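Taken in sequence, the protein lines are chains A and B. 1 is the number of the first residue of the first sequence in the numbering used here; add one for each residue after it. 1001 is the number of the first residue of the second sequence in the numbering used here; add one for each residue after it. In what follows, a structure is listed as structure tokens, so that the remarks can point back to it.
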Amino acid sequence: MRHLIQPTDFSLDELDSLFALAEIIMNNKMDFIEACKGKIMASLFFEPSTRTKFSFDAAMLRLGGGVIGFSDPSTTSAQKGESLADTARMIASYADIIVTRSPREGAPLLMAKNSTVPVINAGDGVHHHPTQTLADMMTIKHLKNRFSNLVFGFCGDLKFGRTVHSLFEALSRYEGNRFVFISPSELMFPEHLIAGAQNGSQVSHSVSLEGSINQLDILYMTRVQKERFVSEEEYLRLKDFFILDERKMAMAKKDMAVMHPLPRTNELSTEVDSDPRSAYFLQAELGMYVRMALILKLFEWNEASEGKSI
Amino acid sequence: MIKVAEIKDGIVIDHICEGKGYKIFSQLGLDKLDCVAVLLRNVTSVKMGKKDLIKVETLEKIDLTVLGLIDPGVTINYIVDSKNIKKEKLQLPAKVDGILECKNPRCVCATEKIDIVSFNLADKEKGTYSCEFCGSITSL
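Structure (structure tokens):
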């Protein structure tokens, strides 16, 4: 039995197989509408979430399975002091797969240790959010058909952004990639994560989106949150450097893709939405297909063929 | 100077940093053994100035994993029939169960009752470990 707790839980071959299956599902949706018939997914969200919860629920429903769960822990027996280990044991006897989000770091791993069914981490505090990484990678695969020899620009809050940390870790497993970290000096990408990079990934820092956008194959935008800055003046002085608009898009490569984990605030101007290079809504859609593929893989991990039913 | 008789069969844990002997003695659970177990503190050492030393007269296997964590500089001498048959320098264990404590207040182990939390070696040079649940770094 397999779980997905952190982005690097799967080997590169397993990831290839997962993305291939997601692509098949996307192009043959009707072939999968009964793939999980009779199966139940427990969706345990101990923290509010819109995107991720709906994406998972929709994924399971599109596979013909059922969904039980909650998105407000105050209505559950966790309020009565039930341990997470007991919750996992109990839910595993009702459902065939568990998807969980928690503000507590490591909570999905604790559940996995006590569950007799696969557990998927849908976000544990600032720790991991592996299915966001899968959605991001799926988008890159879909648009560029490779994960190597690409120039990635990560822009915005790179210090606290869990999404970019996980994505960098996942992409640095592939060869020949170059990463440009575009952020104010206060929000720079953590050095200790760069030190862990593999496969000779090249890394450079930039304090201006304008100065580096022309080199990029993928631009990954993240939110720059006001409260991260030491002062209002600092925020006002720096925020415009990290806003993507039509003018900056004009300087970018013709086939650059713009990604964003959403929700956005003002760092991604709505005028970019109509640009064919904007990929963030596609990214959200592909996230659902990769979650469908993930559910199937966790049910029948050893199935050699990319079968259309489990 | 106190003289302690040589042991016939057992182990001698030598070159323990001054003051760490008692911690090792308790962590290894030597106080719970029936056999002769001696802790010597502040022994004069040419190399170290002062050192602690432990002698245990037993043929039973003692799990020494924790030793590398508390004091990686120690030497273990295995004695059989009054002969020193093997001298071993220690390394930091790749994985430690319990002993360490995760200091991250957001970690699930801070609120849930978990019997044993495991830690994986994060940095050999610094002797740091990462919590299996939240990945945060800690050391003894």
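Ideal Cβ placement from N, Cα and C applies to all residues, glycine included. Since we're looking at a predicted model, the values are computed, not measured.
Proximity to residue 1060 of chain B [Cα-Cα], best of B:1084, B:1039, B:1041 and B:1033: Residue 1060 of chain B has its Cα closest to that of B:1033, out of B:1084, B:1039, B:1041 and B:1033.
With respect to the beta strand (DSSP E) encompassing residue 1009 of chain B, which residues constitute its N-terminal and C-terminal limits? Run containing residue 1009 of chain B: none; DSSP gives neither H nor E here.
For residue 1017 of chain B, does the three-state DSSP call read helix, strand or coil? Looking at residue 1017 of chain B - three-state DSSP - the assignment turns out to be strand.
If you measure from the beta carbon of residue 123 of chain A to each beta carbon in chain B, is any gap under 7 Å? Residue 123 of chain A has a beta carbon lying at 7 Å or more from every beta carbon in chain B.
Output, in chain order, the set of chain A residues within a Cβ distance shorter than 8 Å of residue 1104 of chain B. By Cβ distance, chain A contributes 105.
Anything in chain B within Cβ reach of residue 92 of chain A, meaning under 8 Å, just list it in chain order. Those within 8 Å of residue 92 of chain A in chain B number zero; the least Cβ separation is about 17 Å.
In angstroms, rounded to a whole number, what distance separates the CA positions of residue 165 of chain A and residue 1043 of chain B? Computed Cα separation, rounded: 50 Å.
Quick one: is residue 1108 of chain B near chain A, going by C-beta distance under 7 Å? Yes, residue 1108 of chain B counts as interfacial toward chain A.
Rounded Cβ spacing between residue 40 of chain A and residue 107 of chain A (contact assumed at less than 8 Å): The pair is not a contact, with the Cβ atoms about 21 Å apart (cut-off 8 Å).
Where do the ends of the alpha helix (DSSP H) carrying residue 245 of chain A lie? Membership of residue 245 of chain A in any alpha helix (DSSP H) is not indicated, and neither H nor E is assigned to it by DSSP.
Who are the Cβ neighbours of residue 1045 of chain B in its own chain at under 6 Å, not counting the five residues just before and after it? Correct list, in chain order: 1051.
Taking only three categories from DSSP, how would you classify residue 219 of chain A? Reduced to three states, the DSSP call for residue 219 of chain A is strand.
Name, in chain order, the residues that DSSP records as bridge partners for residue 101 of chain A. DSSP, once it has assigned bridges, lists A:45 as partnering residue 101 of chain A.
Which whole-angstrom value describes the C-beta separation of residue 1068 of chain B and residue 1092 of chain B, a residue pair presumed to lie in contact below a C-beta threshold of 8 Å? About 5 Å separates the CB atoms of residue 1068 of chain B and residue 1092 of chain B; that is less than 8 Å, so the two are in contact.
First through last residue of the alpha helix (DSSP H) which encompasses residue 1068 of chain B: Where residue 1068 of chain B is concerned, the enclosing alpha helix (DSSP H) stretches over 1065–1070.
Residue 1119 of chain B classed as buried or exposed, judged by whether at least 16 other C-beta atoms fall within 10 angstroms: It counts as buried.
Using a Cβ-Cβ distance cut-off of 7 Å, determine whether residue 1112 of chain B contacts chain C. Protein chains A and B are contained in the structure displayed, whereas chain C is not.
Starting from the beta carbon of residue 1135 of chain B, find every residue of chain A whose beta carbon is closer than 7 Å, and list them in chain order. Within chain A, the residues near residue 1135 of chain B are 127.
Looking at the C-beta of residue 83 of chain A, does it have a partner C-beta in chain B at a distance below 7 Å? For residue 83 of chain A, the answer is yes, since a Cβ of chain B falls inside 7 Å of its Cβ.
Grab me the residues of residue 215 of chain A's own chain with a C-beta within less than 7 Å of its C-beta, minus the 5 sequence neighbours each way, in chain order. For residue 215 of chain A, where only same-chain residues beyond five positions count, the Cβ hits under 7 Å are 151 and 180.
Complete alpha helix (DSSP H) runs within the segment 146–187 of chain A (minimum length 4 residues, chain order): The segment 146–187 of chain A contains these whole alpha helix (DSSP H) runs: 162–171.
Inter-residue spacing [alpha-carbon to alpha-carbon] between residue 233 of chain A and residue 280 of chain A: Computed Cα separation, rounded: 30 Å.
With residue 60 of chain A and residue 295 of chain A assumed to form a contact (beta carbons below 8 Å), what rounded beta-carbon distance in angstroms separates them? Rounded to whole angstroms, the Cβ separation of residue 60 of chain A and residue 295 of chain A is 6 Å, and the two are in contact under 8 Å.
My understanding is that residue 1166 of chain B touches residue 1053 of chain B, with C-beta atoms under 8 Å, so please give their C-beta distance in whole angstroms. With chain B running from 1001 to 1140 in the structure shown, residue 1166 of chain B is simply not present.
Tell me residue 69 of chain A's beta-bridge partners as DSSP assigns them. In the DSSP output, where bridge partners are listed per residue, residue 69 of chain A has A:43.
Could you give the DSSP three-state label for residue 1140 of chain B: helix, strand or coil? Under the three-state reduction of DSSP, residue 1140 of chain B is assigned to coil, being neither helix nor strand.
Residues that residue 1129 of chain B bridges to, as DSSP identifies them: Per DSSP, B:1121 and B:1138.
Residue 16 of chain A to residue 4 of chain A span [Cα, whole Å]: A direct Cα-Cα distance of roughly 15 Å separates residue 16 of chain A from residue 4 of chain A.
What does a CB cutoff of less than 7 Å around residue 176 of chain A pick up in its chain, not counting 5 residues either side in sequence? Contacts found: 148 and 149.
Thinking C-beta only, is residue 1012 of chain B closer than 7 Å to residue 1047 of chain B? It is not a contact, given that the beta carbons lie outside the stated cut-off.
For residue 72 of chain A, which residues of its own chain have a beta-carbon under 7 Å away from its beta-carbon, when the five flanking residues on both sides are left out? Closer than 7 Å at Cβ, skipping near neighbours: no residue.
Going straight from the alpha carbon of residue 253 of chain A to that of residue 275 of chain A, what length do you get? Rounded to whole angstroms, the gap between the alpha carbons of residue 253 of chain A and residue 275 of chain A is 12 Å.
For residue 202 of chain A, report the span of its beta strand (DSSP E) as first-last. Secondary structure note for residue 202 of chain A: its beta strand (DSSP E) is the uninterrupted segment 202–206.
With residue 1137 of chain B and residue 1122 of chain B assumed to form a contact (beta carbons below 8 Å), what rounded beta-carbon distance in angstroms separates them? Confirmed, Cβ separation roughly 6 Å.
If you draw a straight line from the alpha carbon of residue 23 of chain A to that of residue 288 of chain A, how long is it in whole angstroms? Our two residues, residue 23 of chain A and residue 288 of chain A, have alpha carbons roughly 11 Å apart in a direct line.
Is residue 1098 of chain B near the ligand COA, in the sense that its beta carbon is under 6 Å from a heavy atom of that ligand? The ligand COA is not part of the structure shown, which contains no ligands of any sort.
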